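Visitor: Input: one structure, supplied below.
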Amino acid sequence: MRNFHLLASGVDVNPLVLAIKRRPELWKEDTFLRHYPQGPFGETETIMLRFPEKVEGLTEEQIELYKQNQLAGYDQYEAVDYPAYKLLHEARPIVMNLMARVAGERLGRVMINKIIPGGRIFAHADTPEQTRYYTRFHVVLQGLPGAILKCGDEQISMTTGDCFWFDNSQIHEVVNNSASDRISMVVDIRTSR
1 MRNFHLLASG
11 VDVNPLVLAI
21 KRRPELWKED
31 TFLRHYPQGP
41 FGETETIMLR
51 FPEKVEGLTE
61 EQIELYKQNQ
71 LAGYDQYEAV
81 DYPAYKLLHE
91 ARPIVMNLMA
101 RVAGERLGRV
111 MINKIIPGGR
121 IFAHADTPEQ
131 TRYYTRFHVV
141 LQGLPGAILK
151 CGDEQISMTT
161 GDCFWFDNSQ
171 IHEVVNNSAS
181 DRISMVVDIR
191 TSR
């Protein structure tokens, strides 16, 4: 496969899944992605663990400079810990083990996405600036047969405990045709490539 690479299967995600189940209110704390205009995440709930600080009130020119990481005072690649990362401390060893496994140099966004049965993340490609800088990994926290990630002309089943790289510069989408929520932790890591 060109667009996917399995790094590990059988990752012990149970402590993190249990912690999430004990804190269901975290799904409602940050709706930035779900309500992003014309975004592909309208059917997704997200727990933000790490994300860049949200920048508001910029002009179109400033937004373009921000995207190119040339806006003075801002680093679009700098993700900060959100309160949920401290509350869900069970995520940290999974993230840090993944960083070590891929010889990561910088940790970016870390998000936990949930898609209900019959839901989806609509087809999209991530921004070229983001995909050139960071490498995207998924750790599947809950995935049953029917939870599919499509990327380019390939697709994989998202199975609980799988950890994989995928090429998020390509058009990709998630379709959850399983009988349960599909929950996956997205981890962006800067590597030497």
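Under UniProt numbering, the first residue of the sequence shown carries the number 1, and numbering increases by one thereafter. Where a beta carbon is used, it is the ideal one built from N, C-alpha and C, also for glycine. Just so we're clear, the structure is a prediction, and the values are computed from it rather than from any experiment.
(1) Which residue's Cα is closest to the Cα of Glu129: Phe51, Tyr77, Thr46?
(2) To the nearest angstrom, how far is it from the Cα of Pro37 to the Cα of Ile63?
(3) Ile115 and Asp181 look like a contact to me (Cβ under 8 Å); what is the Cβ gap, rounded to whole Å?
(4) Tell me which residues share the same chain as Val186 and place their Cβ nearer than 8 Å to its Cβ, disregarding the 5 neighbours each side in the sequence.
(5) Please report the Cβ distance between Asn14 and Glu154, rounded to the nearest whole angstrom; I am assuming they are in contact, meaning their Cβ atoms lie under 8 Å.
(6) What number of angstroms, rounded off, separates the C-alpha of Asp12 from the C-alpha of Gly161?
(7) Shortest alpha-carbon distance to Ala123 belongs to which of Gly57, Lys86, Leu6, Leu149?
(8) Any chance you could list the alpha helix (DSSP H) runs of at least 4 consecutive residues sitting entirely within the segment 101-172, in chain order?
(9) According to the Cβ coordinates, are Glu90 and Leu16 closer than 8 Å?
(10) Kindly indicate which three-state DSSP category Glu177 falls into: helix, strand or coil?
(11) Given this structure, state the Cα-to-Cα distance separating Val84 from Glu29, to the nearest angstrom.
(12) With which residues is Pro52 paired in a DSSP beta bridge?
(13) Report the three-state DSSP secondary structure of His35 (helix, strand or coil).
(14) When you compare only the Cα positions, how much space is there between Asn176 and Lys21?
(15) If you measure between the beta carbons of Phe164 and Leu26, is that distance less than 8 Å?
(16) Straight-line CA distance for Arg192 to Ala103?
(17) Less than 8 Å between the beta carbons of Met48 and Tyr74, yes or no?
Guide: With the structure as the only source:
(1) Closest by alpha carbon: Tyr77.
(2) The predicted model places Pro37 with a pLDDT of 47, which falls under 50 and marks its position as unreliable, so this point remains unresolved.
(3) The beta-carbon separation of Ile115 and Asp181, rounded to 7 Å, stays under the 8 Å limit for a contact.
(4) The answer, listed in chain order, is Arg109, Val110, Met111, Ile112, Asn113, Arg136, Phe137, His138.
(5) Between Glu154 and Asn14 the Cβ distance is about 29 Å, and since that is not below 8 Å, they are no contact.
(6) One alpha carbon belongs to Asp12, the other to Gly161, and they sit about 6 Å apart.
(7) Comparing Cα positions, the closest option is Leu149.
(8) Runs of the alpha helix (DSSP H) lying entirely within the segment 101-172, each at least 4 residues long, are 128-133 in chain order.
(9) The criterion of a C-beta distance shorter than 8 Å is satisfied by Glu90 and Leu16.
(10) The sequence shown places Asn at residue 177, rather than the Glu named in the question. It is coil, neither helix nor strand.
(11) The question names Val, yet the displayed sequence has Ala at residue 84. So the alpha carbons of these two residues sit roughly 9 Å apart.
(12) Paired residues: Ala79.
(13) Annotation note: pLDDT 44 at His35 (below 50); position unreliable, coordinate value reported separately. Residue state, collapsed to three classes: coil.
(14) Near 19 Å, if we compare the C-alpha coordinates of Lys21 and Asn176.
(15) Contact: no.
(16) As written in the sequence, residue 192 is Ser, which differs from the Arg given in the question. Looking at the two C-alpha atoms, the distance is approximately 8 Å.
(17) Result no, Cβ atoms of Met48 and Tyr74 do not sit closer than 8 Å.
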